[in-house]
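Undergrad: Dropping a structure here in structure tokens format, bear with me for questions.
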Amino acid sequence: MRLKMVRHLRITKSLAFRTIWTDNRKWDVVVENNGETMIRSPYKDVPEINQSFGEFMFSYLGKFSKLELLVDYPTGRHYTGSKVKDCAVKVASALSRMGLQKGDVVLIFASNCPEYPILFLACGVAGIAVSTANPVYTPGELARQLAHSEARAVFTLKAMLPTVKEALSGNQEAAERVKHIIVIDGEADKCRPFSSLLDDDGQMFPENTDIDTRGTILTLPYSSGTTGLPKGVMLSHFNMVNNLQQAMCGQMKFHTGEDILMGLLPFYHIYGLTVLQFSPLTQGTKLIIHPKFEPETFLKSIEEHKVTYCHLVPPLVLFLAKSRDLGRFNLTSIRQFVSGGAPLGAGVSSDLEKALGVPVLQAYGLTESSPITHYDEKPHRQGTIGRLIPNTRAMVMDPISGANLPVGETGEILIKGPQIMMGYLKNKEATDKTVRDGWLYTGDIGHVDADGYFTISDRLKELIKYKGYQVAPAELEALLCTHPAIQDAAVIGLSVGEGVGEVPKAFVVAKPGHNISMEEVLNFVEKNVAPYKKLRGGVEFIDQIPKTASGKILRRMLR
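Just so you know, UniProt numbering puts 209 at position 209 of the sequence shown, and the rest follows in order with no gaps.
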């Protein structure tokens, strides 16, 4: 599969500056011109990089060849920079022997493990795109992503193999295209063990692969975007390499050879992909890999490995803030917590800061922005998502009139930078709505203060965020309408408090002459979706779903 890049138009204007003091030097954060306001990072722009992902990563792994960079907590396996690079070379060679080549797509369906970044790196070197799938997907959800991404190979774990096989058996399009199933953690019938790839002699390593860094897909994660079914987000080599480069400044920069990171957040998610897996590898920082969250194991790992830096999501911040077990473990090694993935209330972050005496900073980004765009820093301002990272610009727009808004006024946040996606796979209409003239319309509502700190207050998008997971109402509505007793359905998000966010609630219209109970609806959905998509907000039966003349659901009338 080869796709052309969605080209971004760049707006250039003669700009008059409003200057503020940042980091003991003059710097222009709020830029005003002809009544319009644009915001930029307090940090100077860094040179854009046109290297391929493999070339970029190999240069850093060579630099940190003797440093221990990856540690698998369950098994104790550890990898130096040199070992990571050597493994990636062997895997890239093995992929070539398997007939996989530049422009192909492979899919990873696995929980966190050291093989994840090694495989991703090997694919990047070869120009093969990687689509990452949520390891709790049902066969139906996985089949949809396999078919849409046009994946030719699947990498998975033994425990997840039944889901893969059921997904393929139920989708002829995906089954015909997938030629290889590789089991990462062992052997299985009609599958290839990942260990055999590591036994490759490296002779078919794809030397000098000609990669158009701006036009070649590096990774294809799936995001619900602002509305509708999950979309394949095309992120190029240029996008991810430059986002990694942008992350090497200020509070985001790690201490080479000293910092130790907690690798708990899921690697399939763009947060876990860029920020957890590869940012540490480019900065010579050790990552302690955990396949899942277990409260005691999590705290024990911090103590044992003297973890200094924890990337979290709000539910984990809430767990730490409310945990009675903190006193049982020595957590004094931690110097910083960072929360992302969903809004974090100032009260929760304040509670954790008081409990451990460690700053809890927020970051912001989207799958469509590779993901980092904002990062909190000293001077720390609770409740904000921080300021823009280098090479990134933002505006606040009135979502109704489209007018540019000044500092302090609330509207939709727009972002521009080298990290903005190529577009949505096979979905030009959604791409054109989301990226206009190079500006990413985030769907998030917020404002910026005079010092460049952004606060998210609401969102335009219909997307429901449950504990950092994205739940698309349209996906649940489509599923509900497949039930023989359901005529129509609508789904909204119900706010349930800090640390959780929202839960899906369904409004259902039963077919005439059919009786269906709430319990039947709940069970039907539960059997067909990942756990985080369950209708935790319940089911309400109504006579008619309110809609516009064009058929769009009027969700505001259901709230």
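Think of the CB as a built atom: it goes at the ideal place given N, C-alpha and C, for glycine as much as any other residue.
Exposed or buried, isoleucine 400, counting other C-beta atoms within 10 Å across all chains shown (16 or more means buried)?
TA: Exposed, because fewer than 16 other Cβ atoms sit within 10 Å of the Cβ of isoleucine 400.
Undergrad: Can you name the start and end residues of the beta strand (DSSP E) that alanine 394 belongs to?
TA: In the DSSP annotation of this structure, the continuous segment of the beta strand (DSSP E) that includes alanine 394 starts and ends at 393-397.
Undergrad: By Cβ distance below 8 Å, which residues in the same chain neighbour threonine 37 in space, the five residues on each side in sequence not counted?
TA: Val30, Val31, Met395, Val396, Asn404, Leu405, Pro406 and Val407
Undergrad: To the nearest angstrom, report how far apart leucine 460 and tyrosine 79 are at their CA atoms.
TA: 43 Å
Undergrad: Just checking my contact of glutamate 409 with histidine 447 at CB under 8 Å: how many whole Å lie between their CB atoms?
TA: 6 Å
Undergrad: Over the uninterrupted beta strand (DSSP E) stretch that includes glycine 341, give me the two end residues.
TA: Glycine 341 -> no beta strand (DSSP E), and no H or E assigned at all.
Undergrad: Methionine 240 lies in the alpha helix (DSSP H); which residues open and close that run?
TA: Where methionine 240 is concerned, the enclosing alpha helix (DSSP H) stretches over 237-246.
Undergrad: Cutting at 7 Å between CB atoms, please list the residues of its own chain near tyrosine 469, excluding the five before and the five after it.
TA: Tyr532
Undergrad: Compare the beta carbon distance of serine 333 and valine 307 with 9 Å and say whether it is the shorter of the two.
TA: Taking the C-beta atoms as reference points, valine 307 is found nearer than 9 Å to serine 333.
Undergrad: Under the rule that 16 or more other beta-carbon atoms within 10 Å means buried, what is leucine 113, buried or exposed?
TA: Leucine is not the amino acid found at residue 113; the sequence shown has cysteine there. The residue is buried, with at least 16 neighbouring Cβ atoms inside 10 Å.
Undergrad: Report the option in Glu173, Asp212, Gly345 and Val130 whose CA atom is closest to the CA atom of threonine 156.
TA: Val130
Undergrad: Any idea what DSSP makes of histidine 180, helix, strand or coil?
TA: strand
Undergrad: Quick one: Cα of isoleucine 217 to Cα of serine 236, how far?
TA: 4 Å
Undergrad: Our contact map puts arginine 310 next to methionine 262 with C-beta atoms below 8 Å; I'd like the distance itself, whole angstroms only.
TA: The sequence shown places cysteine at residue 310, not arginine. About 5 Å; that satisfies the 8 Å criterion.
Undergrad: Given this structure, state the Cα-to-Cα distance separating isoleucine 389 from alanine 126, to the nearest angstrom.
TA: Whole-angstrom Cα-Cα distance: 30 Å.
Undergrad: Three or more C-beta pairs under 8 Å: does that hold for the stretch 194-209 against the stretch 91-100?
TA: yes
Undergrad: With DSSP collapsed to three states, give me the class of arginine 25.
TA: In this prediction, arginine 25 has a pLDDT of 36, which is less than 50 and means its spatial position is unreliable; nothing more can be read from the coordinates.
Undergrad: Give me the Cα-Cα distance between tyrosine 271 and alanine 342, rounded to the nearest whole angstrom.
TA: Tyrosine 271 and alanine 342 have their C-alpha atoms spaced approximately 11 Å apart.
Undergrad: For the stretch 145-154 against the stretch 66-85, do three or more pairs of beta-carbon atoms, one drawn from each stretch, fall closer than 8 Å, so that the two count as touching?
TA: no
Undergrad: Within the continuous alpha helix (DSSP H) that includes histidine 305, where are the two ends?
TA: 295-305
Undergrad: Could you give the first and the last residue of the continuous alpha helix (DSSP H) run that contains isoleucine 118?
TA: 115-126
Undergrad: According to DSSP, is threonine 367 helix, strand or coil?
TA: It is helical.
Undergrad: If proline 230 and lysine 467 are in contact, beta carbons under 8 Å, what's the gap, nearest whole angstrom?
TA: Not a contact, Cβ separation roughly 17 Å.
Undergrad: Got a sec? Which residues, its chain only, sit under 8 Å from glutamate 296 by beta carbon, not counting five neighbours each side?
TA: Asp325
Undergrad: So what's phenylalanine 507 in DSSP terms, helix, strand or just coil?
TA: strand
Undergrad: Determine the extent of the alpha helix (DSSP H) in which methionine 518 is found, giving its start and end residues.
TA: Taken as a continuous stretch (DSSP letters only), the alpha helix (DSSP H) holding methionine 518 covers 518-528.
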